[in-house]
Structure formats: C-alpha cells, structure tokens
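Trainee: Heads up, the final residue of the sequence shown is numbered 688 in the numbering used here, and it's a clean run with no missing numbers.
Below you'll find the structure I mean.
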Amino acid sequence: MLNLSQISLWGIIPLLLMLAASLVVFWLVDRRLFMTIVRIYGLAVVQLMIVGGYVWVLLRTDSWWAYGLWLVLLALAVGWRSAKLTRMPRSKALHVAVAVILSVGVTCGVLMISLPVRLMLPVAAVLAAGIYESVDESLCAYQRSYDNTQPHRYYLLANGATLLESLMPSVRRALRTTVMPQLRRLAVPFIAIGAMLFWGMIMGGATAPAALVATLMLCTAAFVAAVMATLLAIYFLSKY
Numbered sequence: 449m450l451n452l453s454q455i456s457l458w459g460i461i462p463l464l465l466m467l468a469a470s471l472v473v474f475w476l477v478d479r480r481l482f483m484t485i486v487r488i489y490g491l492a493v494v495q496l497m498i499v500g501g502y503v504w505v506l507l508r509t510d511s512w513w514a515y516g517l518w519l520v521l522l523a524l525a526v527g528w529r530s531a532k533l534t535r536m537p538r539s540k541a542l543h544v545a546v547a548v549i550l551s552v553g554v555t556c557g558v559l560m561i562s563l564p565v566r567l568m569l570p571v572a573a574v575l576a577a578g579i580y581e582s583v584d585e586s587l588c589a590y591q592r593s594y595d596n597t598q599p600h601r602y603y604l605l606a607n608g609a610t611l612l613e614s615l616m617p618s619v620r621r622a623l624r625t626t627v628m629p630q631l632r633r634l635a636v637p638f639i640a641i642g643a644m645l646f647w648g649m650i651m652g653g654a655t656a657p658a659a660l661v662a663t664l665m666l667c668t669a670a671f672v673a674a675v676m677a678t679l680l681a682i683y684f685l686s687k688y
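Quick look at the structure:
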C-alpha cells in the first residue's frame with residue numbers, strides 16, 4: 449500500500465516548479481483569471497488537508513459511529529453544494545438539496561451492508577461527486593420542458609389527465625438528461641479511462657476480482673442514486 453516514504457521529493461519539486469510556471473503564464477496573460485485560480489486552488493488545498501486529517505482520524509478510530517458521521521457530513525456537503533449549484537430559485541433549491549441528501553444517504557447506507565466499512569470512504573465520496581451535477585442538469589432540462597409545454601399541460605389537465613400524465617414529457621426529458629452522461633462514461637473503453645475506484649483499489653492492494661465487484665456496485669449505485677435524486681426533486685418541486 450502507498451505510504452509517504454514511497455513518494456519521492458524528486459517528483460514533487462519539478463511538479464511544483466511546473467505549477468509555478470503555469471501560474472506565471474496566467475499572471476502575464478490574464479491577472480483576473482490568475483487570482484481566481486489561486487483562490488480556488490488554495491481553497492481546494494485547505495479543504496483537502498482538512499478532509500485528509502479527518503479521514504486519518506476516522507481510520508484510526510475505526511468505529512461505526514465515526515463512519516456514520518462521515519456519511520452524514522458527506523450527504524450534507526453534497527446537498528449544500530447542490531443547493532448552490534442548481535440554477536433555480538432559492539426556495540426550490542432547498543428541495544433539490546433534500547432530494548440529493550436522501551438519495552446519497554440511502555444508497556451509501558445500502559452499500560455499507562455489502563462492502564467493508566473502510567471502503568465506504570472512497571465509495572461514498574466518488575458516488576456523491578457525480579450526483580449533484582447530474583441532478584442540476586436534469587432539473588434544468590425539466591424546468592425548460594416544463595415552461596415550454598405549459599399550454600399543452602393545461603390542455604391535458606382540462607381534458608381529465610392527471611398531474612403525472614401532464615408532467616410526463618418533462619419527467620422523461622429530465623431522466624434522459626440524468627442517465628445519458630453515465631451511459632456515455634460506461635461506453636468508454638474501461639482499460640483506457642477506467643473507474644477511479646477500480647484503479648485506486650488496485651493501487652491500494654485489492655485483488656482484481658474484489659475491485660471489479662466493488663466498481664460494478666459503485667456504477668450501479670451511482671445510476672440508482674442519480675435517478676432517485678431526480679425523481680425525488682421533481683416530486684418535491686411538483687408539490688409547490
């Protein structure tokens with residue numbers, strides 16, 4: 449397994465020098481973008497240090513309550529990010545956040561039954577990372593379709609259609625937007641791109657069969673969680 453003693457400074461130092469050279473280019477070409485890069489990169493480093501310290505303590509503690517707390521914090525963080533990311537009014541963004549939190553919590557909770565608890569750290573993080581953007585895009589597609597089909601919806605409702613039947617074209621477009629990016633990623637040759645979790649587990653010492661099963665479970669969970677979050681968000685939004 450990888451540890452600090454295996455990371456050579458002879459690789460870190462040139463990488464930092466290349467980073468500095470890249471920043472100099474932006475400083476000379478576009479200083480506003482340079483400041484944005486420095487700010488975001490700095491925040492990312494600070495967050496990574498905080499998360500790394502928390503995970504280090506979590507692994508040393510190795511208890512169910514600690515992993516449960518990690519799952520709750522992860523779901524809340526993704527929900528908060530979804531509320532900030534979604535291009536909807538603030539009142540509706542809250543419903544999106546709740547839908548994402550529920551989908552991440554339920555899906556990761558189910559995975560914890562099958563996978564070792566330690567493995568849930570990367571699994572939950574990788575799963576959550578791809579959900580909120582997918583939900584944001586699908587709900588934007590839903591909102592556009594909802595606005596464009598308003599006369600047709602009124603016509604259907606006036607002729608006895610249920611609310612679900614009137615919303616079905618928008619729901620269909622939202623679900624299509626949710627699953628198509630995932631299907632495109634699955635269609636890419638695995639040996640060329642591969643799943644982050646699979647290669648990460650291989651580097652961490654996992655056997656190929658175990659890494660394969662865990663990766664398939666992750667892909668399935670990501671699909672289910674995205675669909676669940678989209679449907680829950682649409683349900684919450686249709687109530688208000």
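Cβ coordinates follow ideal geometry from the N, Cα and C atoms, glycine included.
(1) In angstroms with no decimal places, state the Cα-to-Cα distance between A492 and S614.
(2) Excluding sequence positions up to five away, which residues of its chain have a Cβ less than 8 Å from the Cβ of I485?
(3) Indicate whether the contact test is met: 3 or more Cβ pairs, each with one atom in the stretch 510-526 and one in the stretch 655-668, closer than 8 Å.
(4) What do you get for L519, buried or exposed, if any count of 16 or more other CB atoms within 10 angstroms of its CB means buried?
(5) Reducing DSSP to helix, strand and coil, say where D595 ends up.
(6) Is the separation between the beta-carbon of R624 and that of Y590 shorter than 8 Å?
(7) Examine the Cβ distances between the stretch 551-566 and the stretch 591-603 and report whether three or more of them are shorter than 8 Å.
(8) Using only the alpha-carbon positions, how far apart do F684 and L464 sit?
(9) Do A677 and I579 have their C-beta atoms within less than 8 Å of each other?
(10) If distances are taken between C-alpha atoms only, which option among L521, E585 and T555 comes closest to F671?
(11) Could you compute how far the alpha carbon of R508 sits from the alpha carbon of A514?
(12) Would V558 pass as a contact of V627 if the rule is Cβ separation under 8 Å?
(13) If the criterion is Cβ atoms closer than 8 Å, does the pair V583 and A681 meet it?
(14) I need the straight-line Cα distance from Y602 to L521, nearest angstrom please.
(15) Would DSSP call P564 helix, strand or coil?
(16) Going by C-alpha distance, which of I498, M497 and P564 is nearest M708?
(17) Within 10 angstroms of its Cβ, does S618 collect 16 or more other Cβ (buried), or is it exposed?
(18) Using CA coordinates, which residue listed in D478, Q630, W647 and I650 is at the minimum distance from A673?
(19) For the alpha helix (DSSP H) containing T610, list its first residue and its last residue.
(20) Buried or exposed, going by whether 16 or more other CB atoms sit within 10 Å of the CB of R575?
(21) Do you know offhand how far L708's Cα is from I498's?
Mentor: Once the coordinates are examined:
(1) Position 44 of the sequence shown, counting from 1, holds the residue named residue 492. Position 166 of the sequence shown, counting from 1, holds the residue named residue 614. Between A492 and S614, the C-alpha separation is close to 44 Å.
(2) The sequence position of residue 485 within the sequence shown is 37, counting from 1. Taken in chain order, the residues that qualify are L471 and F474.
(3) no
(4) Residue numbering aside, residue 519 sits at position 71 when the sequence shown is read from its first letter. Label assigned to L519: buried.
(5) The count along the sequence shown starts at 1 and reaches residue 595 at position 147. Of the three classes helix, strand and coil, the one that applies to D595 here is helix, per DSSP.
(6) Here residue 624 corresponds to residue number 176 of the sequence shown, with the count starting at 1. Here residue 590 corresponds to residue number 142 of the sequence shown, with the count starting at 1. Not a contact, by the Cβ cut-off of 8 Å.
(7) Look at the beta carbons and you see the stretch 551-566 not touching the stretch 591-603: under three pairs across the two are nearer than 8 Å.
(8) By one-based count along the sequence shown, residue 684 stands at place 236. By one-based count along the sequence shown, residue 464 stands at place 16. Going by the C-alpha atoms only, they are around 47 Å apart.
(9) The residue you call residue 677 lines up with position 229 of the sequence shown. The residue you call residue 579 lines up with position 131 of the sequence shown. Yes. Within cutoff.
(10) The residue given as residue 671 occupies position 223 in the sequence shown. Checking every option, the nearest Cα to that of F671 belongs to T555.
(11) Within the sequence shown, numbered from 1, the residue matching residue 508 stands at position 60. Within the sequence shown, numbered from 1, the residue matching residue 514 stands at position 66. Looking at the two C-alpha atoms, the distance is approximately 10 Å.
(12) If you number the sequence shown from 1, residue 558 lands on position 110. If you number the sequence shown from 1, residue 627 lands on position 179. No; because the gap between Cβ atoms is not below 8 Å, this pair is not in contact.
(13) Locating residue 583 in the sequence shown gives position 135, where the first residue counts as 1. Locating residue 681 in the sequence shown gives position 233, where the first residue counts as 1. When the beta-carbon positions are compared, V583 and A681 come within less than 8 Å of each other.
(14) Walking along the sequence shown from the start, residue 602 turns up at place 154. Walking along the sequence shown from the start, residue 521 turns up at place 73. Between Y602 and L521, the C-alpha separation is close to 42 Å.
(15) In the sequence shown, the residue the question calls residue 564 occupies position 116. Coil.
(16) This structure leaves residue 708 out entirely; the chain is present only between 449 and 688.
(17) Taking the first residue of the sequence shown as position 1, residue 618 is located at position 170. By the neighbour-count rule (16 or more Cβ atoms within 10 Å), S618 is buried.
(18) Numbered from 1 along the sequence shown, position 225 holds the residue referred to as residue 673. A673 has its Cα closest to that of Q630, out of D478, Q630, W647 and I650.
(19) Reading the sequence shown from its first residue, position 162 is the one you call residue 610. Per DSSP, T610 belongs to no alpha helix (DSSP H) and is neither H nor E.
(20) Translated into the one-based positions of the sequence shown, residue 575 becomes position 127. Reading the sequence as shown, one finds Leu at residue 575 and not Arg. Buried, since its Cβ has 16 or more Cβ neighbours within 10 Å.
(21) The first residue shown for the chain is 449 and the last is 688, placing residue 708 beyond what the model contains.
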